[in-house]
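Below: one structure, written as structure tokens.
Protein chains: 2
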Amino acid sequence: MKVEVLTIGTELLLGQIVDTNAAELGRALAGAGAEVVRHLSVADRPDAIRAAVAEALERTGFVITTGGLGPTRDDMTKREVAALFGKALEIDEGVLRSLEERFQRLGRTMPPINRTQAEVPAGATVLPNPRGTAPGLWLEEQGRVVVMLPGVPSEMRGLLAEEVLPRLARRAAGSVVRSRTVRTTGIAESALAERVGAIEDEIAPLTLAYLPSTDGVELRVTAWSLREDDANRRLDAAVAALRARAGDHSYGGDGVDLAAVVLQQLRARRARLVIAESCTGGLLGARITSIPGASDVFIGGVIAYDNVVKSGTLDVPPELLEQYGAVSEQVVTAMAEGVQRQFAVDAALAITGIAGPTGGTPEKPVGTVWHAVRFGDQLRTLRRIFPGDRGEIRARAAQAALDLLRRLLAEHT
Amino acid sequence: MKVEVLTIGTELLLGQIVDTNAAELGRALAGAGAEVVRHLSVADRPDAIRAAVAEALERTGFVITTGGLGPTRDDMTKREVAALFGKALEIDEGVLRSLEERFQRLGRTMPPINRTQAEVPAGATVLPNPRGTAPGLWLEEQGRVVVMLPGVPSEMRGLLAEEVLPRLARRAAGSVVRSRTVRTTGIAESALAERVGAIEDEIAPLTLAYLPSTDGVELRVTAWSLREDDANRRLDAAVAALRARAGDHSYGGDGVDLAAVVLQQLRARRARLVIAESCTGGLLGARITSIPGASDVFIGGVIAYDNVVKSGTLDVPPELLEQYGAVSEQVVTAMAEGVQRQFAVDAALAITGIAGPTGGTPEKPVGTVWHAVRFGDQLRTLRRIFPGDRGEIRARAAQAALDLLRRLLAEHT
Numbered sequence: 152m153k154v155e156v157l158t159i160g161t162e163l164l165l166g167q168i169v170d171t172n173a174a175e176l177g178r179a180l181a182g183a184g185a186e187v188v189r190h191l192s193v194a195d196r197p198d199a200i201r202a203a204v205a206e207a208l209e210r211t212g213f214v215i216t217t218g219g220l221g222p223t224r225d226d227m228t229k230r231e232v233a234a235l236f237g238k239a240l241e242i243d244e245g246v247l248r249s250l251e252e253r254f255q256r257l258g259r260t261m262p263p264i265n266r267t268q269a270e271v272p273a274g275a276t277v278l279p280n281p282r283g284t285a286p287g288l289w290l291e292e293q294g295r296v297v298v299m300l301p302g303v304p305s306e307m308r309g310l311l312a313e314e315v316l317p318r319l320a321r322r323a324a325g326s327v328v329r330s331r332t333v334r335t336t337g338i339a340e341s342a343l344a345e346r347v348g349a350i351e352d353e354i355a356p357l358t359l360a361y362l363p364s365t366d367g368v369e370l371r372v373t374a375w376s377l378r379e380d381d382a383n384r385r386l387d388a389a390v391a392a393l394r395a396r397a398g399d400h401s402y403g404g405d406g407v408d409l410a411a412v413v414l415q416q417l418r419a420r421r422a423r424l425v426i427a428e429s430c431t432g433g434l435l436g437a438r439i440t441s442i443p444g445a446s447d448v449f450i451g452g453v454i455a456y457d458n459v460v461k462s463g464t465l466d467v468p469p470e471l472l473e474q475y476g477a478v479s480e481q482v483v484t485a486m487a488e489g490v491q492r493q494f495a496v497d498a499a500l501a502i503t504g505i506a507g508p509t510g511g512t513p514e515k516p517v518g519t520v521w522h523a524v525r526f527g528d529q530l531r532t533l534r535r536i537f538p539g540d541r542g543e544i545r546a547r548a549a550q551a552a553l554d555l556l557r558r559l560l561a562e563h564t
Numbered sequence: 152m153k154v155e156v157l158t159i160g161t162e163l164l165l166g167q168i169v170d171t172n173a174a175e176l177g178r179a180l181a182g183a184g185a186e187v188v189r190h191l192s193v194a195d196r197p198d199a200i201r202a203a204v205a206e207a208l209e210r211t212g213f214v215i216t217t218g219g220l221g222p223t224r225d226d227m228t229k230r231e232v233a234a235l236f237g238k239a240l241e242i243d244e245g246v247l248r249s250l251e252e253r254f255q256r257l258g259r260t261m262p263p264i265n266r267t268q269a270e271v272p273a274g275a276t277v278l279p280n281p282r283g284t285a286p287g288l289w290l291e292e293q294g295r296v297v298v299m300l301p302g303v304p305s306e307m308r309g310l311l312a313e314e315v316l317p318r319l320a321r322r323a324a325g326s327v328v329r330s331r332t333v334r335t336t337g338i339a340e341s342a343l344a345e346r347v348g349a350i351e352d353e354i355a356p357l358t359l360a361y362l363p364s365t366d367g368v369e370l371r372v373t374a375w376s377l378r379e380d381d382a383n384r385r386l387d388a389a390v391a392a393l394r395a396r397a398g399d400h401s402y403g404g405d406g407v408d409l410a411a412v413v414l415q416q417l418r419a420r421r422a423r424l425v426i427a428e429s430c431t432g433g434l435l436g437a438r439i440t441s442i443p444g445a446s447d448v449f450i451g452g453v454i455a456y457d458n459v460v461k462s463g464t465l466d467v468p469p470e471l472l473e474q475y476g477a478v479s480e481q482v483v484t485a486m487a488e489g490v491q492r493q494f495a496v497d498a499a500l501a502i503t504g505i506a507g508p509t510g511g512t513p514e515k516p517v518g519t520v521w522h523a524v525r526f527g528d529q530l531r532t533l534r535r536i537f538p539g540d541r542g543e544i545r546a547r548a549a550q551a552a553l554d555l556l557r558r559l560l561a562e563h564t
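Residue numbers (the working numbering), protein chains in the order written: chain A, 152 to 564; chain B, 152 to 564.
Here's what the structure looks like:
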């Protein structure tokens, strides 16, 4: 099945936001056996929207749009598509009711302007959007389909998963495009490539891609247009081979967060975790608590951004700070010990470093980060000099801290 | 001047990489006075590439492509464009020489396959690419222009800045596409639209877009194809009008982070800030410390995820936790007071809430968040019920906490 994607928004063409919806649609649709043959972006202009939808229908007959479903005047997708199909816009009472209820739940009355969001082209199927005010719409006539989704990524994603993909799966027959990933961390792309070696011939017709990010290098293996059972069997084998070659650098598969892996390791040991962070300023805690259910393992911690917090709250001896500096093995060790002692728990993580852009020295350049982990009375420390800007250095530091704990816990299974 | 952008690559349509080139081209071209009227992505397929370029030339007459210039079999842009113009591919001796020199510098001999990268359509201008092996190409005939750039972002960026934009600026003769933004928070899109009212006629020919995110709603006003001084004058006036109508919901312009605004307010008062966060788990601290130079204002704080930290480290009376629950005005107030007292500073922020997906009750549904701010002995508290998933609720809570402090400090200028 072939599909065209049309993302609508002047801000996309001006490059003021990066079009992540297009990529997400491409991935999800491939998984459902639908091939995106074109992706087009146009501005919030009635003529541009109508022409783009008309062309896509002419060529491919199936188009998914994002954007232009909000309540304001620059939201015009619905109107243009309805006109193209020769349909009137009508108030949908169900949508109107759920809009009013949504505003009530949030303790507000619905502004009159939102009433336009309950207008749907006659004959369209409403795709309920519990995450926002704009419902999705599925308009189909004589084999021509236009699916309209909101542009807000979380709303688009929800509607795609809950409403669009199930409908597509029922239409597609048999062959799929499917990917699996092996996530690694603590090893550079080139070093990982040497470990993995020339595996491409072995896994063909599957393909392999190396995708580096601040969390590490993801190995993505893809089966193209195979029958589902054949694709799955080949992917299983390829993933097993890749995991074996990546060794202890591999920590999980598709979408697995290293923080979730560590929380699970600790949960299995009935251990609880505290943290002390300086240069990451809360980012490590945010990573850990982004995992639902973190609260049975994670107690909290101290953001020791200023040295007064390191010495005051964490009991880091001022003479260590003076003699070795805040970014040192001695201080990060004292931070981990201090926070572990204060909360009397089994596991503690600490980070101190220089995230930049200023503060580097020849001995401790920007990117220098010390990590420490305590589990019971065991201690591991790690110094890394990370590349990248402030944001990347901080993200890499949080990931490296989690990985240090993962490796320590893995030694004690 | 109107331009179409064509990004070529199967991986884009499958969503395996996000198309950052398109956004970057959009931004850079607008700055040089060229308006991107369409962005299209197609797969590495000869027919798809040729059809897309042909259509764009027909419609707009000027197309910039990225991708498909490498040495391998899936790189076919050059061939298809040459065929479309009825041109042969010819070896360019200059390109061949620089390719060979490049490989020599890296201590390798050039593989025969790379020789194809020295082939250029007859009559094309070669755009030298010192960052990679594929040069850019500018093919122009009878008013039709195709500019071919490599897909590697750093190479694309270099060629764009050094070769393409200067040529475009010479053509554009003064006119630019330029945007400005007014960032707002604490007000829903529809309510903001009612406040702003029907400003569109007043600011025409400038256009206005409402862009909601978890940080609030951004108002983006754009001047299209005006002379630079005229565009700037009109944008100044439009921004002033929008700011006036948005009132105290507006906190800054293009790219301004609310955390940076708050840090600057505190810096001007020589005040220092501490935080206590529960459901956000470090996210508020991460937001604040993402701003370079935060350390002269921000001391640190306590991640009070578990109640033992709230009562232990922050001195929240256990009877408050028992009687009102952790998510209550009483507890958030005690958290702010506790952390302010502990670190003896002027300003404190506290957050406690239910980020979900579990933990909600009919009285306190998922999304319920209490915020408190202390400045000296002044106190403000705010309850919000945020929509969205766990990540969105946490992001909205951090933003609302910062906004609460911004508003309190603004009262005391």
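Glycine included, each C-beta is placed from N, C-alpha and C at the ideal position.
{"query": "Quick one: residues in its chain with C-beta nearer than 6 Å to the C-beta of B:ASN383, no 5 flanking neighbours on either side, listed in chain order?", "result": "none"}
{"query": "Pull up the distance between the alpha-carbon of B:THR336 and that of A:ARG210, whole angstroms please.", "result": "42 Å"}
{"query": "Rank B:ARG329, B:VAL459, B:LEU530, B:LYS515 by C-alpha distance to the C-alpha of A:ALA495 and give the top, closest one.", "result": "B:VAL459"}
{"query": "For the alpha helix (DSSP H) holding A:TYR475, just list the boundary residues, first then last.", "result": "469-475"}
{"query": "Using DSSP with H/G/I as helix, E/B as strand and the rest coil, what is B:GLN416?", "result": "helix"}
{"query": "Can you give the beta carbon distance from B:LEU409 to B:LEU553, rounded, assuming they're within the 8 Å contact cut?", "result": "5 Å"}
{"query": "Going by DSSP, which residues form a beta bridge with A:GLY432?", "result": "Answer by DSSP bridge pairing: none, since A:GLY432 is not bridged."}
{"query": "Name the two residues that bound the continuous beta strand (DSSP E) containing A:GLU186.", "result": "186-193"}
{"query": "So that I know if they touch, is there some Cβ in chain B lying closer than 8 Å to that of A:VAL524?", "result": "no"}
{"query": "Which of the three DSSP states, helix, strand or coil, is assigned to A:LEU357?", "result": "coil"}
{"query": "With a cut-off of 8 Å on the beta carbons, I'd call B:THR431 and B:ALA551 a contact; round off their distance for me.", "result": "No, B:THR431 and B:ALA551 are not in contact; Cβ-Cβ is about 10 Å, not under 8 Å."}
{"query": "Which residues mark the beginning and the end of the beta strand (DSSP E) in which B:THR217 is found?", "result": "213-217"}
{"query": "Less than 7 Å between C-beta atoms, sequence neighbours within five positions excluded: which residues of the same chain meet that for B:ALA445?", "result": "LEU414, ILE439"}
{"query": "Taking only beta-carbon atoms, is B:PRO197 less than 8 Å away from chain A?", "result": "no"}
{"query": "What does the Cβ neighbour count give for A:HIS190, buried or exposed, with the cut at 16 atoms within 10 Å?", "result": "buried"}
{"query": "Note down, in chain order, every chain A residue with its Cβ under 9 Å from the Cβ of B:PHE213.", "result": "Ordered by position in chain A, no residue passes the 9 Å Cβ test against B:PHE213, which lies about 14 Å from the chain."}
{"query": "Where does B:HIS522 land, buried or exposed, given buried means 16+ other C-beta within 10 angstroms?", "result": "buried"}
{"query": "By how many angstroms is the C-alpha of A:ARG531 removed from the C-alpha of A:GLU514?", "result": "22 Å"}
{"query": "Would you mind sorting B:GLU162 into buried or exposed? The rule is 16 or more other CB atoms within 10 Å of its CB.", "result": "buried"}
{"query": "Given a threshold of 16 other Cβ atoms within 10 Å of its Cβ, counted over all protein chains shown, does B:GLY489 qualify as buried or as exposed?", "result": "buried"}
{"query": "Beta-carbon separation of B:LEU559 and B:VAL524 under 8 Å?", "result": "yes"}
{"query": "According to DSSP, is A:ILE264 helix, strand or coil?", "result": "helix"}
{"query": "Assuming A:ARG371 and A:LEU362 are in contact, meaning their beta carbons sit under 8 Å apart, how far apart are those beta carbons, in whole angstroms?", "result": "6 Å"}
{"query": "So within the stretch 334-411 of chain B, which uninterrupted beta strand (DSSP E) runs reach at least 3 residues, ignoring any that extend past its ends?", "result": "358-364, 367-378, 401-403"}
{"query": "How about B:ALA343 and B:ALA389: are their beta carbons less than 8 Å apart?", "result": "Reading off the sequence shown, one finds Leu at residue 343 of chain B, where the question assumed Ala. Not in contact: B:LEU343 and B:ALA389 (Cβ atoms no closer than 8 Å)."}
{"query": "Verify the CB distance criterion: does B:HIS400 have a CB-CB separation below 8 Å to chain A?", "result": "no"}
{"query": "Expressed to the nearest angstrom, what Euclidean distance is found between the alpha-carbon atoms of A:LEU472 and B:ILE442?", "result": "24 Å"}
{"query": "Does the CB of A:VAL187 have a neighbour CB from chain B at under 8 Å?", "result": "yes"}
{"query": "Cβ of A:PRO571 within 8 Å of Cβ of A:LEU290?", "result": "Nothing can be reported for residue 571 of chain A, as the shown portion of chain A is limited to 152 through 564."}
{"query": "Beta-carbon of B:SER462 versus every beta-carbon of chain A: anything under 8 Å?", "result": "no"}
{"query": "Are the CB atoms of A:GLU428 and A:ALA455 nearer to each other than 8 Å?", "result": "yes"}
{"query": "Using a C-beta cutoff of 8 Å, does B:LEU231 count as contacting chain A?", "result": "Inspection of the sequence shows that residue 231 of chain B is occupied by Glu rather than by Leu. Not one chain A Cβ lies under 8 Å of B:GLU231."}
{"query": "Using CA coordinates, which residue listed in B:GLY463, B:PHE213, B:ALA498 is at the minimum distance from B:LEU148?", "result": "Lying before the first or after the last residue shown, residue 148 of chain B is absent from chain B, which here runs from 152 to 564."}
{"query": "Please compile the residues from chain B whose C-beta is within a distance smaller than 8 Å of the C-beta of A:ASP457.", "result": "SER446, PHE449, ILE450, GLY451"}
{"query": "List, in order along the chain, the chain B residues whose C-beta lies closer than 9 Å to that of A:HIS563?", "result": "Chain B residues near A:HIS563: none, gap ~24 Å exceeds 9 Å."}
{"query": "Let's test the definition: count the other Cβ atoms within 10 Å of the Cβ of A:PRO286 and tell me whether it reaches 16, buried, or not, exposed.", "result": "buried"}
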